[in-house]
Amino acid sequence: MIAGRDHFDCRPLHLAMERALPEHGRVHIHCGVGQGRTGIFIAMHDMLKNAHHVSFHDLIERQLAFNPGRALDFNKDVTHEGRANLRNDRLEFISLFYEYAKQNPKGAPRSWSEWLADPNTPLNNAD
Numbered sequence: 001m002i003a004g005r006d007h008f009d010c011r012p013l014h015l016a017m018e019r020a021l022p023e024h025g026r027v028h029i030h031c032g033v034g035q036g037r038t039g040i041f042i043a044m045h046d047m048l049k050n051a052h053h054v055s056f057h058d059l060i061e062r063q064l065a066f067n068p069g070r071a072l073d074f075n076k077d078v079t080h081e082g083r084a085n086l087r088n089d090r091l092e093f094i095s096l097f098y099e100y101a102k103q104n105p106k107g108a109p110r111s112w113s114e115w116l117a118d119p120n121t122p123l124n125n126a127d
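Numbering (UniProt numbering), first residue to last: 1 to 127.
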């Protein structure tokens with residue numbers, strides 16, 4: 001079991017699990033309601049397997065087709081400031097994670113923390 005929070009990070013254990021997962025292996029992902037962290041972790045799993053040949057937009061649309069919950073609906077109008085900030089944080093995280101996954105299929109060769117520390121990552125190149 002890998003615990004996750006509503007404000008996201010990528011834990012080394014998560015990447016270790018992805019690296020060890022057989023090609024057609026299955027994962028079970030669920031949170032309290034099944035719409036927040038579940039959607040994010042399933043999208044992360046999909047990205048680690050497919051980001052090198054599927055666009056960010058197509059991956060998100062695919063996830064929304066299966067789980068139309070609020071976690072990945074970045075166009076949803078959110079009037080509550082706290083929820084809007086959480087939505088924006090999710091979009092920033094998952095966009096950055098997509099770039100990581102594109103360069104590191106299955107979470108390899110570089111760890112998330114190594115990749116983030118690199119001055120050439122999109123996070124460190126923001127104007």
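Ideal Cβ placement from N, Cα and C applies to all residues, glycine included.
Note that the structure is predicted; figures quoted are calculated from it, not measured.
Taking every protein chain shown into account, the CB of asparagine 120 has fewer than 16 other CB atoms within 10 angstroms, so this residue is exposed. Taking all protein chains shown into account, glycine 25 has fewer than 16 neighbouring C-beta atoms within 10 Å of its C-beta and is therefore exposed. The C-beta separation of tryptophan 112 from leucine 15 comes to about 6 angstroms, placing the pair in contact by the 8 angstroms criterion.
Between isoleucine 60 and isoleucine 42, the C-beta spacing is not below 7 angstroms. The segment 93–118 is shown to contain whole alpha helix (DSSP H) runs of 4 or more residues at 112–117, in chain order. Closest in alpha carbon position to leucine 91, among Phe66, Gly107 and Phe56, is Phe56. Setting aside the 5 residues that flank it on each side, lysine 106 is surrounded in the same chain by Glu18, Arg19 and Leu48, each with a C-beta closer than 6 angstroms to its C-beta; the list follows chain order. Distances from the CA of leucine 86 to each of Ile40, Phe66 and Gln103 were compared; the closest alpha carbon is that of Ile40.
By the 16-neighbour rule on beta-carbons within 10 angstroms, phenylalanine 97 is buried. Here the alpha carbons of alanine 51 and alanine 101 stand approximately 6 angstroms from one another.
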